[in-house]
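Protein chains in written order, with this note's numbering: chain X, 10 to 401; chain R, 10 to 401; chain H, 10 to 401; chain C, 10 to 401.
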């Protein structure tokens, strides 16, 4: 039995896949050792949207942009509405709102898990403000990542911190509108080194279960212990109806935040296969990038990342589900593996070039961007001011 | 504020701590490369109990013995009752029943998750038989570890395997008596190398939640990805009322199954601290050993392991909870860490020697065992027959 | 500048690439939990060669077979000569001789590093016997892997063990003939769990330096700590003239011994790129497989592994060295990465099919093997006797 | 045979142990997410020395301070001489000179391994300048850590980078005076994420061998892959005469840079045992701290770290070498392990208190520092100016 989807179905799926780019990836980033500033980097949220518009223009697949508060803070509620309009004028929409409760001096020992109730209150207020901003931007998703944790055994009470976390999440959850969701991100370590308060999918999942249907887990592909099988987690969360989405990036070691698919393209393919298998292309899961371009040019790195996700998705869509199911049912290990590998070994770049051409886009986004002159233009024009970065 | 428990309270807690030893640790074990047989190793379940009785005699802390089916299979239901009587006559009780659905040729592609329904049925029947055995032995806990998984991407449908797993667990759960529990164990890898069907605490927890109150998670300290913070998981499971117990052992790399506390005594202390902190000494959680003595003599290795758990527990009980809480509330990182480390740095061997002497036991279990002549006796007497091991 | 080698050069390189298959991969293997025997598995070294001949017949790329002593022990020196003749009659040659000093009861605490001089002597004698066998088989390479190590801190003197190791290696080195080499393998852990006496490439390299030019390092791709960059090591060893060869296999976790290229095909490509870059295709480095087929059929798994190495090599050969060098010199991170990824993304299966057809071989080795009926034939004919495996 | 060194010998060794503290640990540090500034942090090299003097005053064990160039840059050669005098007046000496070739914008793609020869030249000049500074300060050791590496496969030529590295090292080595040494540090990852140019001890060792006797390897305890046995490396380097020293710190995950001994005190003990065993206390190896105090007060954290190294050393010195050797020779795994663990389980705090009292120091350095009022004094007095940190 051969049930490889016909090419038109595959193309249709690829045409509708939307990958959200993060505003902060257009700005400067680095390691604790050094942030290497790049010429032409945006200085304002609007300039980030200008860059994001180029990514969407050349890929046709990046229609939304995630904001990070306060890095993309507008002065007023009206400011966000204007920003949303600015985005729309460039063919974009504003996406998830990412909270930041890790860069104020108060947060040294945590935000919503801090032993000091005053700090917890401050952090909670910020989260609630983010929901206000969602109302203004029309965003669906509130993405919550907490840097909370401890560096030394005994530093704080692990269990009490969970109580504090649960309390804060419940308050924010109550504030969500009918069509809004809360996405809880987990991370094994960094910036805290002994415990993180949400270190793994199980912890995020346990909190989501208590909160309700609008709370879901977000999988950052760089946030796991070595050896963790990420596609297994994806499969499980989809089965539980709890996969809120992805923060895509790749890593060789820890949270390297390299371009999606750069370190382990086979893993990205396996993840996308489980997404396809589990109905995740249509489940409302958000496909977001979250990466840092420390040594490479930012806009083309994001274009490349979008393309990498597309290629992994194309390969996943090409898996012959019927042949695979047959081999699996027969316990034929090699045949089943071969069906999967056949799709992975396929060069899908011509297929994606066709999809782009059919959508009126240049078949080679990287070349088109290079030719566009945008890279030089922003270097020339964005002079003075303060470049965007993690701290600004 | 100083609230270090007074010594009599600490001693009382140590006196009542019971550590279950596993029947299989008395038999031969090894790696895939070689099982080095040791002279004097038991040939029957009764001889394993004879050895276990020595461990309990010298430690006073190992009153129960876990069985492994079929390694400890008795011919009939009556056989288990007789084995239980045999144990009682030696001051022991039979503990958890451990199922084994990984050593029949049928199980090459899994047991309850196998694509073949006939194999699944066979595995399920074995699990149900284990509950029958529990009825005969009076055991409270059914410990379920599944070696199920896949070695290659595509080999089987990850999600369908979860469905099959859930179905089997539900059937076994229904069969449990009122005072019986099901403990679900998780393991990152080995013997399967691409996916394990229960790779992490989150997966075990999600199944337990669906099953009901009698299903709980068991934490094998060797079954995690590198860098995983195990005491965090322990704290979380206690908070959720889902910590069924431990399989203690230690490791430097993967599932090394070394003596508990041998590789990282500080980690064992931190785990026991979270147990004490979370009420786990009195919650019904089972403290079991699950280790392999590949190159060292088995009985004294088990005595040493029991002592290591006791020492970690003693140190955890000595933590000055009041001083710790104060330092934590004040955000004094170094002071809070120092309170914990003060307990850890304490040499608790004299305290445990006192506890033993007060209980009428030799203060030095290792020396007492050496002097007892048991090691030579079993070498002399256990001649012929087939030594117990993982395959027998 | 475009310097992608022309296709005929690439084809020529692929045509001459020889991958050595290990006799033991044709026999049974498993984990410490269970060895699942497979019907049709060879019972003698000759039957292993029969199977290896099929692999070479269908791939044209596996002309040599590594032996493992004592698993492939022949009664006498003449026996090896006869085995070599048997191989030649099937179009094969005997390859590396692999010593085994880990399966006798004496070796519980090590072989050449054992604290007991009598055991060390016994192990050394075995190693010297392996050189005798090399003389008889005409093998060039003696592959030395030591399972030696310790399980517990303090168990033995780490440094004294190095002294003992160095002494044994020097004695064996002296015994080597002019055209013979000693390949020293390293492994992070397993079967020893606290220390391995040759845990990393640095240790193997340090010993090789002292021994002389005939001693080189062999890289088993599954023997590294998580996160280790293997291609870096390969590049370094080639630069130092110390890369003796590979034991190819793949892994997700520890020493999983899965089919080469199965777990991380991109890594295998990166390794082969460094081999090509460093002249390793012509340096005398041995390309060996060392893997276990625990759940999959063995012969087709080996065929697949050979093909995976070929595909990785083909992609590595297709890298446009000129364009890559230009982008690297210009510091253009994205362009340089793109050149490499362009080769990796290429579907090289048609190219390899051509190479095979031009060599008069079926373009699809897996299908040809399936059609050949060999799988059924060995099941029918190899009845009775003792199947080969790690212990026999 | 009992050969535990008598207490007076142990005390003598402890009395002479010197631990070098790093100037930068007195300043601010953090993660890529945030640097939490602390009040009272030094603003100048002299203020760092003032703080270091307190550490030495209370511990008696921290007589030297490592400098980091340019963070401790003085305007002129005379400036360093004055700084040395300033140190001497406070009972201190200046220690190792640490180069910094990672924070200029030029170094985005590396320093001495950069594809651009002009950048390489600049980096080399800095290294040579560091030797000039050593001449002025009288420092023995030049510590070289290179952040050089690549983030993406293909980004640069791995092998060519080794050539460039070797060339730079050779030039610097030539410049060293008779009594000066070059210590080469290795690190698995961060800030580069695909390759580091000196990722492991083997690479550092290979370069040292080529350079000559004055080049040695420095072991930063946080710079290894998960599961690496660091004490094995220490033992090996001592055996090869190539252990230049340590950068002590501890970690749970990656390069956490927590206080030495905080994450795994047993590991620190095992390392110090191999140091003692291998003669490393008298070999000229430098015992340096290299850690970051992101959330805890800096001076007491350094005092605690010094004490942790002392405690590990004391335990290592207490190992009964005779009993250990006997048990090892007899192959008695449990007895040998027990000898080591007996020393580890000992509470050595009273012993160290005695050593301090005998040296005229307060037996409790932490309490003495707390009572001294220094913490408040520096908060009050160090107002204005720019706090020291990694970037200043």
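Quick reminder that beta carbons are idealized off the backbone N, C-alpha and C, glycines included.
**Study point:** Validate contact between the segment 227-240 of chain R and the segment 290-298 of chain H using beta carbons, cut 8 Å, 3 pairs
**Key:** Touching, no.
request  = Mark residue 47 of chain R as exposed unless 16 or more other C-beta atoms lie within 10 angstroms of its C-beta, in which case mark it buried.
outcome  = Mapped onto the second chain, residue 47 of chain R falls at position 38. By the 10 Å Cβ count, residue 47 of chain R comes out buried.
Buried/exposed call for residue 126 of chain X, threshold 16 Cβ in 10 Å:
Here residue 126 of chain X corresponds to residue number 117 of the first chain, with the count starting at 1. That one is exposed.
Name the residues in the segment 198-211 of chain H whose C-beta lies less than 7 Å from a C-beta of chain R; which are they? For the segment 198-211 of chain H, the set of residues with a beta-carbon nearer than 7 Å to any beta-carbon of chain R comprises 198, 199, 200, 202, 203, in chain order.
**Prompt:** Does the Cβ-Cβ distance between residue 171 of chain C and residue 122 of chain C come in under 9 Å?
**Reply:** Position 162 of the fourth chain, counted from the start, is the residue given in the question as residue 171 of chain C. Position 113 of the fourth chain, counted from the start, is the residue given in the question as residue 122 of chain C. Going by C-beta atoms, residue 171 of chain C is nearer than 9 Å to residue 122 of chain C.
For residue 65 of chain R, count the other beta carbons within 10 Å of its own beta carbon; 16 or more makes it buried, fewer makes it exposed. Which is it? For the purposes of this step, residue 65 of chain R is taken as residue 56 along the second chain, with counting starting at 1. So residue 65 of chain R counts as buried.
Do you know offhand how far residue 255 of chain X's Cα is from residue 269 of chain X's? Working through the first chain from its first residue, we reach residue 255 of chain X at position 246. Working through the first chain from its first residue, we reach residue 269 of chain X at position 260. A straight-line Cα-Cα distance of about 11 Å links residue 255 of chain X and residue 269 of chain X.
Exercise. Taking only beta-carbon atoms, is residue 350 of chain C less than 9 Å away from chain H?
Worked result: Translated into the one-based positions of the fourth chain, residue 350 of chain C becomes position 341. By this cut-off, residue 350 of chain C is an interface position.
### Message
Let me check understanding here. Comparing Cα to Cα, which of X/41, X/296, X/37, X/88 lies closest to residue 303 of chain C?
### Response
As a position in the fourth chain, residue 303 of chain C is number 294, starting the count at 1. That would be X/41, whose Cα lies nearest to the Cα of residue 303 of chain C.
According to a CB-to-CB cut-off of less than 7 Å, which residues of the segment 303-318 of chain C neighbour chain R? 304, 305, 306, 309, 310, 313
| Starting from residue 346 of chain C and walking both ways along the alpha helix (DSSP H), at which residues does that stretch end? | Against the fourth chain, residue 346 of chain C aligns to sequence position 337. If you look at residue 346 of chain C, you'll find it in the alpha helix (DSSP H) that goes 342-354.
Mind checking whether residue 371 of chain X and residue 352 of chain X have CB atoms under 9 Å apart?
Within the first chain, residue 371 of chain X is the residue found at index 362, counting from 1. Within the first chain, residue 352 of chain X is the residue found at index 343, counting from 1. Cβ atoms of residue 371 of chain X and residue 352 of chain X: not closer than 9 Å.
Kindly indicate which three-state DSSP category residue 280 of chain C falls into: helix, strand or coil? Position 271 of the fourth chain, counting from 1, holds the residue named residue 280 of chain C. It is helical.
Please decide whether residue 375 of chain C counts as near chain R, where near means a Cβ-Cβ distance under 9 Å.
Residue 375 of chain C sits at position 366 when you count from the first residue of the fourth chain. Closer than 9 Å to some Cβ of chain R, the Cβ of residue 375 of chain C qualifies, so yes.
Fill in: DSSP bridge partner residues for residue 37 of chain C (one or two, in chain order)
Along the fourth chain, read from residue 1 onward, the residue named residue 37 of chain C stands at position 28. Bridge partners of residue 37 of chain C: C/398.
Tell me whether the segment 192-207 of chain X and the segment 153-161 of chain X touch, counting them as touching only if at least three CB pairs, one residue from each stretch, are closer than 8 Å.
yes
Self-check item: Cα-Cα separation between residue 401 of chain H and residue 155 of chain H, rounded to whole angstroms
Solution: Residue numbering aside, residue 401 of chain H sits at position 392 when the third chain is read from its first letter. Residue numbering aside, residue 155 of chain H sits at position 146 when the third chain is read from its first letter. Reliability fails at residue 401 of chain H, whose pLDDT of 44 lies under 50, so the model's placement of it is uncertain and the value that follows must be treated cautiously. Distance between the alpha carbons of residue 401 of chain H and residue 155 of chain H: 19 Å.
**Asked** For the 8 Å Cβ check, are there 3 or more pairs between the segment 25-35 of chain R and the segment 49-63 of chain R?
**Response** yes
Quiz item: Is the shortest distance between the beta-carbon of residue 116 of chain X and the beta-carbons of chain C less than 9 Å?
Solution: For the purposes of this step, residue 116 of chain X is identified with residue 107 of the first chain, where counting begins at 1. With 9 Å as the cut-off, residue 116 of chain X counts as an interface residue toward chain C.
| Member of C/95, C/359, C/102 whose CA lies at the smallest distance from the CA of residue 30 of chain C | One-based indexing of the fourth chain puts residue 30 of chain C at position 21. Check the Cα spacing between residue 30 of chain C and each of C/95, C/359, C/102: the tightest is with C/102.
Does the distance from the C-beta atom of residue 322 of chain R to that of residue 23 of chain R stay below 9 Å? The residue given as residue 322 of chain R occupies position 313 in the second chain. The residue given as residue 23 of chain R occupies position 14 in the second chain. Contact annotation: residue 322 of chain R and residue 23 of chain R have beta-carbon atoms nearer than 9 Å.
Excluding five sequence neighbours on each side, which residues of the same chain lie with their C-beta closer than 6 Å to the C-beta of residue 157 of chain R? For the purposes of this step, residue 157 of chain R is taken as the residue at position 148 of the second chain. The answer, listed in chain order, is 119, 120, 122, 206.
- Could you tell me the boundaries of the beta strand (DSSP E) in which residue 107 of chain R lies? Here residue 107 of chain R refers to the residue found at position 98 of the second chain. Where residue 107 of chain R is concerned, the enclosing beta strand (DSSP E) stretches over 102-107.
Next on the checklist: With H, G and I counted as helix, E and B as strand and the rest as coil, what does DSSP make of residue 256 of chain R?
Outcome noted: In the second chain, the residue the question calls residue 256 of chain R occupies position 247. Secondary structure of residue 256 of chain R (DSSP, three-state): strand.
| If you drop the 5 nearest sequence neighbours on each side, which residues of the same chain put their C-beta closer than 7 Å to that of residue 311 of chain C? | Residue 311 of chain C sits at position 302 when you count from the first residue of the fourth chain. Closer than 7 Å at the Cβ level, and outside the excluded window around residue 311 of chain C, lie 30, 34, 64, 298.
Considering only their Cβ atoms, is the gap separating residue 44 of chain H from residue 326 of chain H smaller than 9 Å? Taking the third chain and counting its residues from 1, one reaches residue 326 of chain H at position 317. Taking the third chain and counting its residues from 1, one reaches residue 44 of chain H at position 35. In this structure, residue 44 of chain H does not lie closer than 9 Å to residue 326 of chain H by Cβ.
Please report whether the beta-carbon of residue 266 of chain R lies at a distance below 9 Å from any beta-carbon of chain X.
Locating residue 266 of chain R in the second chain gives position 257, counting from the first residue. The beta carbon of residue 266 of chain R does not come within 9 Å of any beta carbon belonging to chain X, so the residue lies off that interface.
Of all the CB atoms in chain R, is at least one closer than 9 Å to the CB of residue 57 of chain H?
If you number the third chain from 1, residue 57 of chain H lands on position 48. It does not; no Cβ of chain R falls within 9 Å.
CA nearest to the CA of residue 106 of chain C, picked from C/142, C/97, C/71: Within the fourth chain, residue 106 of chain C is the residue found at index 97, counting from 1. Closest option to residue 106 of chain C, Cα to Cα, is C/142.
At the 9 Å Cβ level, is residue 40 of chain H part of the contact set with chain B, yes or no? The structure shown has no chain B; the protein chains it does contain are X, R, H and C.
- Item | CA nearest to the CA of residue 279 of chain H, picked from H/306, H/305, H/346 | For the purposes of this step, residue 279 of chain H is taken as residue 270 along the third chain, with counting starting at 1. Closest by alpha carbon: H/346.
Drop a sphere of 10 angstroms on the beta-carbon of residue 188 of chain C, count the other beta-carbons inside from all chains shown, and report buried for 16 or more, exposed for fewer. Residue 188 of chain C sits at position 179 when you count from the first residue of the fourth chain. Counting the other Cβ atoms within 10 Å of the Cβ of residue 188 of chain C gives fewer than 16, which makes it exposed.
Residue 145 of chain H and residue 104 of chain H - do their beta-carbons sit closer together than 9 Å? Taking the first residue of the third chain as 1, we reach residue 104 of chain H at position 95. Taking the first residue of the third chain as 1, we reach residue 145 of chain H at position 136. By the CB criterion at 9 Å, residue 104 of chain H and residue 145 of chain H fall outside the cutoff.
Query raised in the report: If you drop the 5 nearest sequence neighbours on each side, which residues of the same chain put their C-beta closer than 8 Å to that of residue 55 of chain X?
Result: Here residue 55 of chain X refers to the residue found at position 46 when the first chain is read from its first residue. The answer, listed in chain order, is 92, 95.
*What distance in whole Å lies between the Cβ atoms of residue 178 of chain X and residue 152 of chain X, which are believed to be in contact at a cut-off of 8 Å?*
Along the first chain, one-based indexing puts residue 152 of chain X at 143. Along the first chain, one-based indexing puts residue 178 of chain X at 169. Not really, about 13 Å apart at Cβ, beyond 8 Å.
Three-state secondary structure (DSSP) at residue 12 of chain R?
Taking the first residue of the second chain as 1, we reach residue 12 of chain R at position 3. The answer is coil: DSSP assigns residue 12 of chain R none of H, G, I, E or B.
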